[in-house]
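Novice: Quick one: this structure, given as structure tokens, is what I'll be asking you about.
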Amino acid sequence: MMSSMNLHDRRLGAYNRILKQTPSEEADTARIAQSTGDAGSAGSAGSARSRVLPGLVKVPREPGGTESPYRRVAKFLLLVGVDEAAKIIARLSPEQTEKVVLELASIRSVSEDEATVVLAEFESLLLKA
Numbered sequence: 000m001m002s003s004m005n006l007h008d009r010r011l012g013a014y015n016r017i018l019k020q021t022p023s024e025e026a027d028t029a030r031i032a033q034s035t036g037d038a039g040s041a042g043s044a045g046s047a048r049s050r051v052l053p054g055l056v057k058v059p060r061e062p063g064g065t066e067s068p069y070r071r072v073a074k075f076l077l078l079v080g081v082d083e084a085a086k087i088i089a090r091l092s093p094e095q096t097e098k099v100v101l102e103l104a105s106i107r108s109v110s111e112d113e114a115t116v117v118l119a120e121f122e123s124l125l126l127k128a
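Taking this note's numbering, the leading residue of the sequence shown gets 0, the next gets one more, and so forth.
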């Protein structure tokens with residue numbers, strides 16, 4: 000049985016501090032990184048969506064601003080839970096499984112509004128089938 004990640008684990012402190020930075024703090028971090036020659040680690044001083052944190056892979060959106068189908072499937076799997084997700088993943092091809100698992104690893108959270116949209120999308124697909 001899989002254990003859930005403890006979001007209050009003290010080892011996640013530095014990562015959580017980076018995520019909670021305000022835009023002005025991001026600019027300070029970027030400025031410090033540039034002065035030390037470590038420009039790639041701080042990301043840009045732009046929006047949170049455009050910054051790249053060390054150890055994270057930035058997943059590009061599809062042309063036109065929509066998410067990839069694999070990312071939407073990954074969000075759906077997070078929403079339905081471990082047992083149901085395992086049943087679904089068992090039916091995917093190895094290539095599909097690899098792409099979905101990569102997306103699963105990059106998703107930090109799914110907002111309530113986003114969850115509603117994702118579930119509605121997959122419900123409509125179910126009704127069409």
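Note that the Cβ used here is the ideal one computed from N, Cα and C, for glycine as well.
Output the distance between the C-alpha atoms of residue 121 and residue 78, rounded to the nearest integer angstrom.
Specialist: Locating residue 121 in the sequence shown gives position 122, where the first residue counts as 1. Locating residue 78 in the sequence shown gives position 79, where the first residue counts as 1. For residue 121 and residue 78, the gap between their C-alpha atoms comes out near 11 Å.
Novice: Measure from the alpha carbon of residue 108 to the alpha carbon of each residue in 85, 98 and 73, then state which is nearest.
Specialist: As a working mapping, residue 108 is identified with position 109 in the sequence shown. Minimum Cα distance to residue 108 is reached at 73.
Novice: With a cut-off of 8 Å on the beta carbons, I'd call residue 103 and residue 76 a contact; round off their distance for me.
Specialist: Counting from 1 along the sequence shown, the entry for residue 103 is found at position 104. Counting from 1 along the sequence shown, the entry for residue 76 is found at position 77. 7 Å between Cβ atoms; contact.
Novice: Just to confirm, are residue 88 and residue 99 a CB contact at a threshold of 8 Å?
Specialist: Walking along the sequence shown from the start, residue 88 turns up at place 89. Walking along the sequence shown from the start, residue 99 turns up at place 100. The answer is yes: Cβ separation under 8 Å.
Novice: Apart from the five residues just before and just after residue 113, which ones in its own chain have a Cβ nearer than 8 Å to its Cβ?
Specialist: Against the sequence shown, residue 113 aligns to sequence position 114. Annotation for residue 113: 74 place their beta carbon closer than 8 Å to its own, counting only its chain and skipping 5 residues before and after.
Novice: Nearest-angstrom Cα distance between residue 65 and residue 71?
Specialist: What you label residue 65 is simply residue 66 of the sequence shown in a count that begins at 1. What you label residue 71 is simply residue 72 of the sequence shown in a count that begins at 1. Roughly 10 Å separates the two Cα atoms.
Novice: Going by C-alpha distance, which of 69, 126, 86 and 116 is nearest residue 97?
Specialist: Counted from its first residue, the sequence shown places residue 97 at position 98. Residue 69 is the option with its Cα nearest to residue 97.
Novice: Starting from the C-beta of residue 35, find all residues in its chain whose C-beta is less than 7 Å away, skip the five residues before and the five after it, and write them out in chain order.
Specialist: Working through the sequence shown from its first residue, we reach residue 35 at position 36. Residue placement at residue 35 is flagged as unreliable, the pLDDT there being 49, under the threshold of 50; the coordinate-derived value follows with that caveat. Cβ neighbours of residue 35 beyond the five flanking positions: none.
Novice: With a threshold of 16 other CB atoms inside 10 Å of the CB of residue 117, please say whether the residue is buried or exposed.
Specialist: Mapped onto the sequence shown, residue 117 falls at position 118. Classification for residue 117: buried.
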